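Chains as they are written, first to last, in our numbering: chain W, 10 to 100; chain V, 9 to 418.
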């Protein structure tokens, strides 16, 4: 699968804005994998203290907002693209 | 840089210098520009304003552009504040004004925030600009980019009204018609701008962009004789215009320019896309995202509004409210505004009229309140909403008797 991060979030992945991973599972498990690779700074960057995603972080699985799917339990297929972006929309 | 003190996160309060930050580095919350208010006080006086150009730069001390050469001179702003006596009478109000932003250079209020954002893009020497748009922003960004000799990329839903896809192309922009909703277009625009280092006005230039919208409020204050209204009705897409109106009021207050009174801020969305209104009605005050917006008010069709939570807090704090009229009421609002005041607004304008109508009828707005309606876009951009609403015209022979028959024997 492919993880795409916007610059403000990629500070927690040593500036890498596109990451390829051999992975299949849920979003939560994916972020645990990424945390293993880049350190706990990644987790604290996108999660709040209650173990949920920060309010201003949006996650999309194959272009679908995870809030309309199963949130952090959304399945991530082997060939998926996951976008991790700050919530900025509209003018 | 001029009167700017720096950026501050509206969520967690973290402060930063006024650089090219998009969101708060700590929590990704929205950033806002802060000013050296004591220094602004010296220069931002009623006497000084009287001698300034009649465009949005007359409020330069409270806009984050220090370098005058970077401004794009399309003369946005200083639009009419129309005393709307006929509409007031029709609705049962005594004091009503229409802030008419249908007459801006590209026919919507978006020329205001774009003027500031493009100036920042030039100040920073960005290679290209762009936006994700529900329509009005597309034209505003493209026109300003044309004047600034900057390449421009506009991301919009491929299903958008033809006029709104046509205008940016005429101004020379590259339009990227995205299969999907505005929110889909916004997502890919964000990633594209990030990859190429382009300045997208409502995405990575957003903290500066937001400042331009405040000038709607500053003008209203000045045109009302340096007074604020009791209530202002604001159309909401992302909610950013509403938060900007509030910021404008707060800044005037900090400058000692608001003598008394208190302005209620009222937000309006179409029923077919009302994530902020539904959030306002919920105990937790969180917007309720809409996956598939369905309304004729396409310029407000943002299903996942970035400034929604703040807009809800502001409406609650100021004693305002939120409402979501139906499409039929929105059309009726457009028609009423046109027939009473001669102002042809797009459906977003009809949305604010319809909200006001409901609120006067059920008493949420008192008949003696001094109300300002923000009418932010021109009806000529969205002619298709009238298809089938008015009966078709039957041609008349060039003959006085035929005309009489056509007029029903008059």
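For glycine and all other residues, C-beta sits at the position ideal for the given N, C-alpha and C. If you're wondering where the values come from, they're calculated on a predicted model, not measured in any experiment.
Close CB contacts of residue 147 of chain V within its chain, under the 6 Å cut and outside five residues either way in sequence, are with 114, 175, 176 (chain order). No residue range can be given for residue 32 of chain W, since it is assigned to no alpha helix (DSSP H) and is classified by DSSP as neither H nor E.
Looking at V:264, V:337, V:75, the one whose alpha-carbon comes closest to that of residue 397 of chain V is V:337.
Taking a beta-carbon distance threshold of 8 Å, residue 76 of chain W counts as an interface residue toward chain V. Interface with chain V (8 Å Cβ-Cβ cutoff): residue 21 of chain W is excluded.
Sorting V:348, V:128, V:206, V:54 by C-alpha distance to the C-alpha of residue 136 of chain V places V:206 at the top. Beta-bridge partners assigned by DSSP to residue 15 of chain V: V:24, V:41. DSSP places residue 107 of chain V inside the beta strand (DSSP E), whose first and last residues are 103–108. Beyond the five residues adjoining it in sequence on each side, residue 376 of chain V comes within less than 7 Å, by CB distance, of 102 in the same chain, given in chain order.
The residue from V:343, V:347, V:355 with its alpha-carbon nearest to that of residue 279 of chain V is V:355.
Remark: C-beta atoms of residue 244 of chain V and residue 199 of chain V do not approach each other more closely than 8 Å. By alpha-carbon distance to residue 290 of chain V, the top candidate from V:237, V:219, V:300, V:320 is V:320. Under DSSP, the beta-bridge partners assigned to residue 207 of chain V are V:137.
By alpha-carbon distance to residue 170 of chain V, the top candidate from V:292, V:142, V:296, V:227 is V:142. One thing to note: residue 297 of chain V has its Cβ no nearer than 8 Å to the Cβ of residue 15 of chain V. Cβ neighbours of residue 386 of chain V within its own chain (closer than 8 Å, five residues either side excluded): 110, 111, 115, 116, 352, 353, 354. Apart from sequence neighbours up to five positions away, the residues of its chain that approach residue 332 of chain V with a beta-carbon distance below 7 Å are 277, 278, 279, 282, 285, ordered along the chain.
Taking a contact as a CB-CB distance under 8 Å, the pair residue 357 of chain V and residue 315 of chain V does not count as one, their CB atoms being some 20 Å apart. If you check each beta-carbon in the segment 256–268 of chain V against every beta-carbon of chain W, none falls closer than 8 Å. The DSSP-derived three-state label of residue 290 of chain V is coil.
The three-state reading of DSSP puts residue 111 of chain V in helix, counting H, G and I together.
Straight across, the Cα-Cα distance linking residue 23 of chain V with residue 82 of chain V is about 32 Å.
As DSSP reads the structure, residue 243 of chain V sits in a beta bridge with V:276. The segment 227–245 of chain V makes contact with the segment 264–271 of chain V; the number of CB pairs closer than 8 Å reaches 3 or more. Of all residues in the segment 57–82 of chain W, only 63, 64, 65, 66, 67, 69, 72, 74, 76, 77 come within less than 8 Å of chain V when Cβ atoms are compared, listed by chain position.
Scanning its chain for C-beta atoms nearer than 7 Å, with the 5 sequence neighbours on each side dropped, one finds around residue 256 of chain V the residues 222, 225, 226, in chain order. Taking a Cβ-Cβ cut-off of 9 Å, the neighbours of residue 30 of chain V in chain W comprise 15, 16, 17, 95, 97, given in sequence order. By the Cβ rule, the segment 26–39 of chain W counts as touching the segment 82–100 of chain W, because three or more pairs are nearer than 8 Å. When only Cα atoms are considered, residue 100 of chain V and residue 144 of chain V end up about 31 Å apart. Any Cβ of chain V closer than 8 Å to the Cβ of residue 88 of chain W would place that residue at the interface, and such an atom is absent.
Contact between residue 66 of chain W and residue 96 of chain W holds: their C-beta atoms lie close to 7 Å from each other, under 8 Å.
Per DSSP, residue 97 of chain V has no beta-bridge partner at all.
When secondary structure is reduced to three states using DSSP, residue 192 of chain V falls in the helix class.
Note on residue 132 of chain V: under 16 other CB atoms within 10 angstroms of its CB, so exposed under the neighbour-count rule. Excluding sequence positions up to five before and after residue 30 of chain V, its CB lies within less than 6 Å of the CB of 212, all in the same chain and listed in chain order.
Closer than 8 Å to the CB of residue 297 of chain V there is at least one CB belonging to chain W.
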